[in-house]
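Numbering (my numbering), first residue to last: 434 to 610.
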């Protein structure tokens, strides 16, 4: 019986191959240095390609890597060598489009770094533990946007900034009592 498709990692790198946002769902890279070496190798292998208009696919170290570039950002989705490339490409497109919606079309390194919390929430909405949850960019963007505004959400579902603001608010209330 065929198992459900799994994602090994999702990478968002800058034009120099440095990390912006990455999520690993596989133990294939057990250490941080192994992860960074993989990122550098994938970036080096793909940087000379023209993946700006559509996604490109490459085999790399027994992995299928689907990637797309925009401005100074490089988006990558990696799956095992037995994964369906169309599913990987759909995950990539969902991530790419959701980031475009959330950053209001201004997709570049500066904007991505300023909205890193939104991008990380986006990754959490797309894949959980390697299992694909959602690929529709509009659904992903609306879920992330609702997380960003909902201050009544449990701490586990808030961004770090929101959690700190909530903690400050609760602390101030406890002092005033």
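All residues carry an ideal CB built from backbone N, CA and C; glycine is no exception. Note that this is a predicted model, so its numbers are computed, not measured.
Who are residue 469's beta bridge partners in DSSP?
Residue 469 sits at position 36 when you count from the first residue of the chain shown. Its beta-bridge partners do not exist; DSSP assigns none.
Specify the secondary structure class of residue 536 as computed by DSSP and reduced to three states.
For this step, residue 536 is matched to residue 103 along the chain shown. Coil, per DSSP.
What runs of the beta strand (DSSP E), each 3 residues or longer, lie entirely inside the segment 477-516?
489-493, 496-503, 506-513
Quick one: using the 10 Å Cβ neighbour count with 16 as the cut-off for buried, is residue 437 buried or exposed?
In the chain shown, counting from the first residue as 1, residue 437 sits at position 4. The residue is exposed, with fewer than 16 neighbouring Cβ atoms inside 10 Å.
Beta strand (DSSP E) containing residue 446: first to last residue?
The residue labelled residue 446 in the question sits at position 13 within the chain shown. It spans 442-447 - the beta strand (DSSP E) in which residue 446 sits, taken as one unbroken run.
Under the three-state DSSP convention, the category residue 461 falls into:
The residue labelled residue 461 in the question sits at position 28 within the chain shown. Here residue 461 carries a coil assignment [DSSP, helix/strand/coil].
Helix, strand or coil at residue 568 according to DSSP, with G and I counted as helix
Reading the chain shown from its first residue, position 135 is the one you call residue 568. Residue 568: coil per DSSP, three-state reduction.
Should residue 485 go down as buried or exposed, given a rule of 16 or more other Cβ atoms within 10 Å for buried?
For the purposes of this step, residue 485 is taken as residue 52 along the chain shown, with counting starting at 1. By the 10 Å Cβ count, residue 485 comes out exposed.
Nearest-angstrom Cα separation, counted from residue 609 out to residue 462:
Within the chain shown, numbered from 1, the residue matching residue 462 stands at position 29. Within the chain shown, numbered from 1, the residue matching residue 609 stands at position 176. When rounded, the distance between both Cα atoms is 49 Å.
By DSSP, does residue 543 sit in helix, in strand, or in coil?
For this step, residue 543 is matched to residue 110 along the chain shown. Note: residue 543 maps to helix in three-state DSSP.
Look at the alpha carbon of residue 550 and the alpha carbon of residue 458, and state the distance between them as a whole number of angstroms.
Numbered from 1 along the chain shown, position 117 holds the residue referred to as residue 550. Numbered from 1 along the chain shown, position 25 holds the residue referred to as residue 458. The straight-line gap from Cα to Cα measures roughly 19 Å.
CB-CB length for residue 403 against residue 440, believed under 8 Å:
No answer is possible for residue 403: it lies beyond the span of the chain, which begins at 434 and ends at 610.
Buried or exposed: residue 518, going by 16 or more other Cβ atoms within 10 Å of its Cβ?
The residue you call residue 518 lines up with position 85 of the chain shown. Residue 518 is exposed by the Cβ-count criterion.
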